[in-house]
Amino acid sequence: MKRKMQSKTKLVEHTSQVRVRFVETDPLGIVWHGNYIQYFEDGRESFGRKHGISYLDQKKHGYATPIVKSSTDHKLPLRYGDIATIKTIYVDSPAAKMMFRYEIYNQDNQLVCTGTTVQVFVDKIGEGDLSLTIPEFFMEWKKNVGLINE
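Its first residue numbered 1, the sequence shown is counted upward by one per residue in UniProt numbering.
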């Protein structure tokens, strides 16, 4: 029987951009720290559309993936009108969860924020029970993007 091997060298990532809106800034004209979580969400949604694992794809298979952990590390400010580049990197794991790392850069290509999120699979059709095993559709996704070698 062949054993499935997880690759440690394959990176699945996506880069997207957002323009900082006025409503996202504080009275000093800099992005309020809590809005970086929204930028992570923007990056994750763009990543999902690009790589075929969007929230709609998950829903189609009967799952939702709520965030159970998030962290940010702020280095420089973003300001109203800036173009932020969000690099979203999937972090592979043998567990039934989705982990992402983020790097946000300003228009001068300076790193302004890094962070991580962890999401778990819940059966949204039922009572929202936590999935302790990786859903079949997600294993198939991992194969399709080259994270699992057979």
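Idealized CB from N, CA, C, for every residue including glycine.
Among the residues of its own chain, which have a CB less than 8 Å from the CB of residue 102, if the five just before and after it don't count?
The residues are 39, 40, 43, 86, 87, 88, 89, 113, 114, 115, 116, 117.
Enclosing alpha helix (DSSP H) for residue 162 [first to last residue]:
Not covered by the structure: residue 162. The range shown for the chain is 1 to 150.
Between the beta-carbon of residue 51 and the beta-carbon of residue 12, is there less than 8 Å?
yes
Report the option in 29, 15, 127, 139 whose CA atom is closest to the CA atom of residue 46.
If you compare the alpha carbons of 29, 15, 127, 139 with that of residue 46, the shortest gap goes to 15.
Between the CA atoms of residue 99 and residue 84 - distance to the nearest angstrom
21 Å
Going straight from the alpha carbon of residue 17 to that of residue 136, what length do you get?
Taking the straight line from one Cα to the other gives about 31 Å.
Write down every uninterrupted run of the beta strand (DSSP E) in the segment 79 to 131 whose length is 3 residues or greater and which is fully enclosed by it, in chain order.
83 to 91, 97 to 105, 111 to 120
Distance, Cα to Cα, residue 2 vs residue 149?
Reliability fails at residue 2, whose pLDDT of 48 lies under 50, so the model's placement of it is uncertain and no value is given.
Please work out which residues of its chain come closer than 7 Å, Cβ to Cβ, to residue 82, disregarding the five sequence neighbours upstream and downstream, and give them in chain order.
20, 106, 107
The alpha helix (DSSP H) enclosing residue 13, as first and last residue numbers
Premise fails: residue 13 lies in the beta strand (DSSP E), 12 to 19, not in any alpha helix (DSSP H).
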